[in-house]
């Protein structure tokens, strides 16, 4: 019984409230309209800057790009290789270094600094007193798990002062060329060290008079160690000559390939909706008008 009375009282209260508000609908309409117009005016005066998002698909280089130089890893034990993704140890090293360099914000900053085609974007950064590294910290979106697939999606969020599609395409090629230089120097150093090691063992083989590989001599029954000089001067000279040819070839090797599976595609990414301030004005106007009416009536009572 008490519950029914409570429901009845609530219904009466809501009915009276609605009648009061409806009676002053012109006041509600006027205040709400004024607030809405203020919101629209503010939105037009402070028009939000359009933001864009570029998506690019990056792919791994072909494994055969490194096949000529795989000899340099044959004399050392290589880590386990997933041959569903990589054709060789050198292929794996190059790919991993590429994605590490691509994800480096320092490299992104260097690319912006040396880029002469993005003057308007550099001015944009200068006005905001922010570096490219800081600006793209949360706007250059990278895949979480790398080295597990053959291609990856990268996203760049940028303002209208930048041609983002061209920027990210050029950046991918910038990183490819940077990675090639680093990889070439590392591989050259590895080959040079191996040449030095072979020459040291060649001197030893000459001193102890080993010309032919002991392992291949059926008349020799002594224990054969893993020391390189037991390969003999003939084999060591051949290996040194071949490695020196590799160095000469490597100096002219560009390891060129297209790192893009799909060039960048662009979509609009507006961080602030153009309806935000009008909507705030509308809600505020309704709330304010209701409050004024209810406060006025409470004073009368």
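Numbering (this note's numbering), first residue to last: 5 to 305. Ideal Cβ positions, reconstructed from N, Cα and C, are used throughout, including at glycine.
- Remark: C-beta atoms of residue 163 and residue 53 approach each other more closely than 8 Å.
- Excluding five sequence positions before and after residue 101, the CB atoms of its chain that fall closer than 7 Å to its own CB belong to 183, 186, 187, given in chain order.
- Distance between residue 212 and residue 240, taken at the CA atoms: about 14 Å.
- In this structure, 39 is the residue among 103, 39, 20 with its C-alpha nearest to the C-alpha of residue 286.
- Residue 176 places its beta carbon 8 Å or farther from that of residue 160.
- Ranked by Cα distance from residue 252, the first of 119, 196, 145 is 196.
- Look at the beta carbons and you see the segment 43 to 62 not touching the segment 19 to 33: under three pairs across the two are nearer than 8 Å.
- Closest option to residue 155, judged by alpha-carbon separation, among 103, 247, 37: 103.
- Cα atoms of residue 203 and residue 250: separation of roughly 16 Å, rounded to the nearest angstrom.
- Bridge pairing for residue 57: 161, 271 [DSSP].
- The Cβ atoms of residue 216 and residue 242 lie no closer than 8 Å to each other.
- Beyond the five residues adjoining it in sequence on each side, residue 44 comes within less than 6 Å, by CB distance, of 282 in the same chain, given in chain order.
- Around the beta carbon of residue 246, fewer than 16 other beta carbons sit within 10 angstroms, so the residue counts as exposed.
- Between residue 70 and residue 94 a beta carbon distance of about 4 Å is seen, short of the 8 Å cut, so the two are scored as contacting.
- DSSP, reduced to helix, strand and coil, places residue 145 within a strand of the structure shown.
- Take residue 157, set aside five residues on each side of it, and the residues of its chain with a beta-carbon closer than 7 Å to its own are 59, 61, 147, in chain order.
- Between residue 179 and residue 111, the CB-CB gap stays under 8 Å.
- At the C-beta level, residue 290 and residue 19 stay beyond 8 Å of one another.
- Scanning its chain for C-beta atoms nearer than 8 Å, with the 5 sequence neighbours on each side dropped, one finds around residue 259 the residues 65, 69, 70, 98, 184, 187, 188, in chain order.
- Looking at the DSSP output, residue 155 bridges to 63.
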